[in-house]
Structure formats: structure tokens, C-alpha cells
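**Student:** There's a structure below that I have some questions on.
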Amino acid sequence: MSDGNHVNPHILVVEARFYEDIADALYEGASTTLDEAGVTHERVTVPGVFEIPAVIRMAVRSMDFFAGRRRFDGYVTLGCVIRGETTHYDYVCSESARKLQDLACDHTLALGYGILTCENMEQAWVRAAVDQKNKGRDAAEACLAMLDVKRRFHLFPR
């Protein structure tokens, strides 16, 4: 991605590990895409999807306090929520999505959303597997595309 005019971005991948096998597949798709694009990335894992927005906010906030740390230029969120017998699914899905959108808009973040919201494990596997829908790749590509938009509007932080 470096062409003389652009510095290679540094991306934070925040991955919910509640469904570990699904998380591994999502990360495989995302990390392969980021590596192929020539960008560096760090991986942070959290217990579930609900915790992802807080980690992104912590990362954004940490740049206010620790100037020596390399800044994250974009964020990729990965995780899976599968509907159960209670309304917990609805709260986790809507609240985490709402807060991630708020963070992206309030802080002009380049964010790739790779959180699967599925009815069952079969649907999750179809979406996560790198040889099927590969939503980890899609989330990484969305993050990179939003970085290009930030460049267009001279908001890329470099």
C-alpha cells in the first residue's frame, strides 16, 4: 500500500473469542488480507462482542496519553453472535453495533465491521470460512477502503 505518497497503515484487529473456531476463521481472512495489502496490524482479543467497542475506545484514548506508541490508523472488528433462547442476542447485537458506529463517526475512524449476527452455527461457518463468504476478509477490505476515503478528505493521520 506504500506508494511514496502514503505510509503503510497500522491496524488494530479486535477479536471476540466467544466462539473460538469462528473467531480463528474470521482472523485468518482478515490477517491474510491485511498482510497482502502490506499493512501492519496488532491483534487484541476480548471475551465477547459486547466488549469490542470499549477496546476501540481505549485504543483511541490511549493515543491521548502515550505519544510514543504507534497510532492505529484503522480498526477491524471480528466476532460472532448466535441467537439463543433469550433476548440477550438482540442487546449484544444492537448495542455493540450502535456504539461502534458512534465511535467511527465521532472519531472519524476507518472501521471494518466483521461481527457476524447469525441464527445458528451453520450460518456462522458459511460467513466465517475463508473458502466461503470470508467475512474477515470483507471487514479488512472495508477498513482499508475507509482509509482511502480518509486520505481523500485529508483526514489520514500521517
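Note that my numbering has the sequence shown beginning at 1372, numbered continuously upward.
Even glycine gets a Cβ: it sits at the ideal position worked out from N, Cα and C.
Source: prediction; values computed, not measured.
Where does Lys1414 sit, in a helix, a strand or coil, going by DSSP?
**Tutor:** Position 43 of the sequence shown, counted from the first residue, corresponds to residue 1414. What sits at residue 1414 in the sequence shown is Arg, not Lys. Arg1414 falls in the strand class under three-state DSSP.
**Student:** Do you know offhand how far Ala1396's Cα is from Phe1524's?
**Tutor:** Residue mapping note: residue 1396 aligns to position 25 of the sequence shown, counting from 1. Residue mapping note: residue 1524 aligns to position 153 of the sequence shown, counting from 1. If I take the Cα positions, the gap works out to 33 Å.
**Student:** From what residue to what residue does the beta strand (DSSP E) around Leu1526 run?
**Tutor:** Along the sequence shown, one-based indexing puts residue 1526 at 155. Leu1526 -> no beta strand (DSSP E), and no H or E assigned at all.
**Student:** Count the other CB atoms, across all protein chains shown, that sit within 10 Å of the CB of Ser1433; report buried if there are 16 or more and exposed otherwise.
**Tutor:** Counting from one through the sequence shown, the residue named residue 1433 turns up at place 62. So Ser1433 counts as exposed.
**Student:** What residue from Asn1379, Glu1512, Thr1479 and Val1452 has the CA that sits closest to Glu1466's CA?
**Tutor:** Position 95 of the sequence shown, counting from 1, holds the residue named residue 1466. Checked all of Asn1379, Glu1512, Thr1479 and Val1452; the closest Cα to Glu1466 is Val1452.
**Student:** What does a CB cutoff of less than 7 Å around Ala1513 pick up in its chain, not counting 5 residues either side in sequence?
**Tutor:** The count along the sequence shown starts at 1 and reaches residue 1513 at position 142. Closer than 7 Å at Cβ, skipping near neighbours: Gly1483 and Tyr1484.
**Student:** Would you call the region 1400-1410 in contact with the region 1460-1475, where contact means no fewer than 3 C-beta pairs closer than 8 Å?
**Tutor:** Not touching, per the Cβ criterion.
**Student:** Which runs of the alpha helix (DSSP H) at least 4 residues long sit entirely within the region 1440-1508? Give them in chain order.
**Tutor:** DSSP runs (the alpha helix (DSSP H)) wholly in the region 1440-1508: 1459-1477 and 1492-1499.
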